[in-house]
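Engineer: Take 1 as the starting number for the sequence shown in this note's numbering and just add one per residue.
For each residue, glycine too, the CB sits at the ideal point set by N, CA and C.
Would you mind keeping the following structure in view while I ask a few things?
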Amino acid sequence: MSNALVIIEPGQDAASLLALVAPVADTVAVAVLAGPGGSASAVAGAASTTVLQADGLQAGEAAAAVVAELVASHGAELVALPATARFREVAALLTGRLDAACAPDAIALARTADGLTADRLLYGGVVIGTFALQRPVAVVTATVKPLADGAAPAGGPAPARAVTAAPVAGKTLTGRAEVAAEGGLANAERIVSFGRGLRAAGDIELIRALAAALDAELGCSRPIVDDLKWLGLPHQVGLTGTTVKPRLYLAVGISGQIQHLVGMRDAKTIIAINNNPSAPIFEASDLAVVGDLYEIVPRLTAALAARSA
Ligand SMILES: Cc1cc2nc3c(=O)[nH]c(=O)nc-3n(C[C@H](O)[C@H](O)[C@H](O)COP(=O)(O)OP(=O)(O)OC[C@H]3O[C@@H](n4cnc5c(N)ncnc54)[C@H](O)[C@@H]3O)c2cc1C
């Protein structure tokens with residue numbers, strides 16, 4: 001028996017979430033997160049609809065705590081929430097709280113031999129990715145519509161229950177760092193970018209010298225920012241970094257995984273230096289230089305310096 005929980009707020013139509021979970025759930029319970037005195041109609045097709053009334057449920061943390069309790073009391077293995085700003089936050093907090101799997105913006109769910117899977121549109125809808133949700137609980141979000149004005153209520157009024165939303169400690173924004181100016185990658189004409197092919201933080205000076213010789217901005221792959229912490233996020237190129245479109249993109253010691261490529265493949269000319277002749281970056285490159293960056297980069301910098309002298 002597989003139980004799903006659909007979460008909405010008053011005024012939202014749960015139909016798309018019900019349709020999403022229907023292929024994989026035996027029973028679906030709907031919970032409507034409302035303020036004190038809030039109400040909603042029973043949702044057609046759901047085993048139950050409950051209106052939860054509480055002060056403070058607008059706070060993501062408080063809502064996530066209430067939903068986590070519902071997951072436990074329903075024995076739910078799947079929670080579907082609207083893909084709105086409010087519920088995206090709740091979904092993320094709930095995922096952390098339950099150590100769950102999470103599929104934001106899911107378009108279809110299925111049950112396979114490997115368990116629950118979710119289809120999601122990727123790269124602006126060009127590709128559908130299928131993700132295995134391999135945790136006891138899965139959290140998904142999907143698009144919902146508002147209830148049509150004047151639409152006949154699907155059922156009678158749903159029973160309401162007062163719940164207590166845990167108070168959430170306030171957070172104060174004390175300042176805003178001007179990070180965008182630091183990297184300046186988005187509008188750069190030339191970029192020299194490096195990746196994990198570089199062996200030590202001190203070796204960045206080799207790349208900086210080449211960038212200076214080309215009057216180029218300094219870019220990098222994600223591990224340089226996330227794992228090694230040699231540079232800040234404004235230097236990262238790619239899916240979770242900056243998308244760039246320079247006239248020249250020089251990739252040094254970068255393998256060319258798709259998450260990097262989507263951020264730089266629109267560069268006019270791409271040159272890659274890599275000691276692995278099969279590196280995927282070469283497939284996206286106009287000029288492939290196969291060799292050791294520690295030999296090639298200093299020679300290239302010297303040649304450029306000699307030309308401008
Ligand atoms: C959700 C998600 C988002 C992501 N977002 C981004 C993103 O925005 N940007 C990004 O870059 N990545 C991103 N990634 C990570 C991405 O999948 C790759 O792991 C990452 O791009 C690899 O970085 P790299 O090429 O520097 O390292 P590696 O893949 O380790 O490649 C290092 C390369 O250096 C070469 N090399 C080694 N030594 C030398 C040498 N002496 N001379 C020449 N070449 C050498 C190797 O042959 C290899 O090709 C993301 C991943 C996920 C899951």
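Taking the alpha helix (DSSP H) that Q259 belongs to, which residues open and close that run?
Structural biologist: Residue 259 sits at position 259 when you count from the first residue of the sequence shown. First-last of the alpha helix (DSSP H) with Q259: 258-264.
Engineer: Could you tell me which of A279, A54, N275 sits nearest to E295, measuring between CA atoms?
Structural biologist: Here residue 295 refers to the residue found at position 295 when the sequence shown is read from its first residue. E295 has its Cα closest to that of N275, out of A279, A54, N275.
Engineer: For T95, is the classification buried or exposed, using 16 other Cβ atoms within 10 angstroms of its Cβ as the cut-off for buried?
Structural biologist: Here residue 95 refers to the residue found at position 95 when the sequence shown is read from its first residue. Answer is buried; the Cβ neighbour count reaches 16.
Engineer: Report all residues from its chain with a CB closer than 7 Å to the CB of L300; omit the five preceding and five following residues, and keep chain order.
Structural biologist: Start at 1 with the first residue of the sequence shown, and residue 300 comes out as number 300. Excluding positions up to five away in sequence, the list reads L210.
Engineer: Report, in whole angstroms, the separation of the C-beta atoms of V43 and V30, which I expect to be a contact under 8 Å.
Structural biologist: Stepping through the sequence shown from its first residue, residue 43 is reached at position 43. Stepping through the sequence shown from its first residue, residue 30 is reached at position 30. Their Cβ separation, rounded to whole angstroms, is 5 Å, which keeps V43 and V30 in contact under 8 Å.
Engineer: Is A279 near ligand 1, judged by its Cβ being under 8 Å from some heavy atom?
Structural biologist: Within the sequence shown, residue 279 is the residue found at index 279, counting from 1. Yes - ligand 1 has a heavy atom lying nearer than 8 Å to the Cβ of A279.
Engineer: Give the single residue among G75, A92, A100, D227 whose Cα lies nearest to the Cα of A83.
Structural biologist: Here residue 83 refers to the residue found at position 83 of the sequence shown. Nearest of G75, A92, A100, D227 to A83, Cα basis: A92.
Engineer: Closest to R196 by C-alpha separation, out of E189, R190, I204, would be which residue?
Structural biologist: As a position in the sequence shown, residue 196 is number 196, starting the count at 1. Among E189, R190, I204, the Cα nearest to that of R196 is on I204.
Engineer: Between the C-alpha atoms of G11 and A34, what's the straight-line distance to the nearest angstrom?
Structural biologist: Indexing the sequence shown from 1 puts residue 11 at position 11. Indexing the sequence shown from 1 puts residue 34 at position 34. Cα to Cα, the separation comes out at about 10 Å.
Engineer: With a 10 Å radius around its C-beta and 16 neighbouring C-beta atoms as the bar for buried, classify P159 as buried or exposed.
Structural biologist: Residue 159 sits at position 159 when you count from the first residue of the sequence shown. Exposed, because fewer than 16 other Cβ atoms sit within 10 Å of the Cβ of P159.
Engineer: Counting along the chain, where does the alpha helix (DSSP H) carrying I296 start and finish?
Structural biologist: Residue numbering aside, residue 296 sits at position 296 when the sequence shown is read from its first letter. That run of the alpha helix (DSSP H) goes 293-308.
Engineer: From the DSSP secondary-structure annotation, give me the bridge partner or partners of A272.
Structural biologist: Here residue 272 corresponds to residue number 272 of the sequence shown, with the count starting at 1. A272 pairs with A251, A288.
Engineer: Leaving out five residues before and five after L147 in sequence, what residues of the same chain have Cβ atoms less than 8 Å from its Cβ?
Structural biologist: The sequence position of residue 147 within the sequence shown is 147, counting from 1. For L147, where only same-chain residues beyond five positions count, the Cβ hits under 8 Å are G11, Q12, D13.
Engineer: Below 8 Å, is the gap between the Cβ of Y294 and the nearest heavy atom of ligand 1?
Structural biologist: Within the sequence shown, the letter at position 294 stands for residue 294. Indeed, a heavy atom of ligand 1 lies less than 8 Å from the Cβ.
Engineer: Using the beta-carbon count (16 or more within 10 Å), is P242 buried or exposed?
Structural biologist: For the purposes of this step, residue 242 is taken as the residue at position 242 of the sequence shown. Note that residue 242 corresponds to Thr in the displayed sequence, not to Pro. So T242 ends up on the buried side.
Engineer: Could you name the residues of the same chain whose beta carbon sits closer than 7 Å to that of K245, not counting the 5 residues immediately before and after it, in chain order?
Structural biologist: By 1-based counting over the sequence shown, the position of residue 245 is 245. Taken in chain order, the residues that qualify are D266, A267.
Engineer: For A113 and G75, what's the separation of their Cα atoms in angstroms?
Structural biologist: Position 113 of the sequence shown, counted from the start, is the residue given in the question as residue 113. Position 75 of the sequence shown, counted from the start, is the residue given in the question as residue 75. Approximately 22 Å between the Cα atoms of the pair.
Engineer: Is S2 close to ligand 1? I mean its beta-carbon at under 8 Å from any heavy atom of the ligand.
Structural biologist: The count along the sequence shown starts at 1 and reaches residue 2 at position 2. Because no heavy atom of ligand 1 lies under 8 Å away, the Cβ of S2 does not count as near it: no.
Engineer: Under the three-state reduction of DSSP, which class applies to G155: helix, strand or coil?
Structural biologist: Here residue 155 is taken as the residue at index 155 of the sequence shown, counted from 1. G155 falls in the coil class under three-state DSSP.
Engineer: Pull up the distance between the alpha-carbon of D119 and that of A106, whole angstroms please.
Structural biologist: Counted from its first residue, the sequence shown places residue 119 at position 119. Counted from its first residue, the sequence shown places residue 106 at position 106. Spanning the two alpha carbons is a distance of roughly 6 Å.
Engineer: In terms of residue numbering, what span does the beta strand (DSSP E) encompassing A34 cover?
Structural biologist: Along the sequence shown, one-based indexing puts residue 34 at 34. Here the beta strand (DSSP E) through A34 covers 27-34.
Engineer: Using the C-alpha atoms, what's the distance from P104 back to G60?
Structural biologist: Here residue 60 refers to the residue found at position 60 of the sequence shown. Here residue 104 refers to the residue found at position 104 of the sequence shown. Rounded to the nearest angstrom, the two C-alpha atoms are 16 Å apart.
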